[in-house]
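Number 1 in the UniProt record's numbering belongs to position 1 of the sequence shown; there are no gaps in the numbering. Contents: one structure, followed by commentary.
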Amino acid sequence: MNPPGYPQPDRPPVVRPLWSLAGPALGAMVAAGLLTAPIGPLGSAITRDLGLSTTAMTVTVVVPYVVATAALVVPGYLLGRRWPTATGVPALVLLLLGSVLSAFAPGAGLMGVGRVVDGLGAGIVVGVALALSSQLGRWCSRARLVLGLALGVALLLGPVVSGVIAQAASWRPAFLLGVPVAAVALIGTIASGIAMLVGRASRPSPPASPAMTTLLPGETQLGGPAR
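Have a look at this one:
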């Protein structure tokens with residue numbers, strides 16, 4: 001840290017490799033699909049099998065996920081800018097755990113818990129993906145465009161794919177559909193984090209340059225005669 005009166009050096013912007021976005025972006029797509037999945041046949045199947053009214057299904061399945069996701073997008077973004085791997089890995093674990101809890105919920109209570117856990121992981125991983133898309137240097141604008149399109153497609157496909165599965169089998173496998181995808185995203189996030197850590201450790205340190213300072217009144221150079 002420079003003393004008062006001396007110019008502070010500018011901190012260079014963080015630039016991450018393009019492939020570091022892959023894992024969190026895949027997790028964000030799962031999160032977007034889970035957001036819209038209860039719309040249509042899946043919601044009707046849950047209402048019928050758990051003996052819920054339409055209002056109770058909305059309060060149990062839709063609202064907890066939406067609230068939890070919205071509450072953690074910004075914290076996920078802020079933390080993901082500095083610690084994308086340490087933030088993204090727990091988020092994807094929560095996404096996996098919430099999906100499993102929702103799929104095997106015997107009643108409305110555990111279903112609500114599963115959707116809250118799902119939403120917590122979803123909000124964080126979406127924030128991490130958005131943060132990484134802004135740290136890719138010259139790829140930023142294109143990465144944001146592709147990420148936005150991918151999330152839009154996931155939102156549209158969520159009710160379609162889950163509805164087909166709910167009609168063909170049951171609503172429970174529909175929640176499990178995103179589990180293997182989220183697992184791949186988790187593995188990718190861990191692998192990219194390790195690769196970035198190794199690359200940072202093997203990067204040679206820049207040579208130290210002599211400090212160029214301007215003497216303040218009354219100061220003398222070290223080792224020089226005082227006048």
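Glycine included, each C-beta is placed from N, C-alpha and C at the ideal position.
{"Item": "Residues near ALA22 by beta carbon distance below 6 Å, same chain, minus five either side", "Value": "GLY188"}
{"Item": "Close beta carbons around LEU26, own chain, < 7 Å, minus the five adjacent residues each side", "Value": "VAL181, VAL184, ALA185 and GLY188"}
{"Item": "CB contact flag (LEU130, GLY88, <9 Å)", "Value": "no"}
{"Item": "Coil, strand or helix - TRP19 by DSSP", "Value": "helix"}
{"Item": "Nearest neighbour of TRP171, chosen from GLY121, ALA103 and SER192 [CA to CA]", "Value": "ALA103"}
{"Item": "The stretch 95 to 115 in contact with the stretch 164 to 179 per 3-pair CB rule at 8 Å", "Value": "yes"}
{"Item": "Of the listed residues LEU78, LEU18 and LEU50, nearest to VAL146 (C-alpha basis)", "Value": "LEU18"}
{"Item": "Whole alpha helix (DSSP H) elements within the stretch 19 to 65, 4-residue minimum", "Value": "22 to 36, 41 to 49 and 54 to 57"}
{"Item": "Within the stretch 158 to 191, ranges of the alpha helix (DSSP H) (whole runs, at least 4 residues)", "Value": "171 to 176"}
{"Item": "Separation of VAL128 from PRO84, as counted between CA atoms", "Value": "6 Å"}
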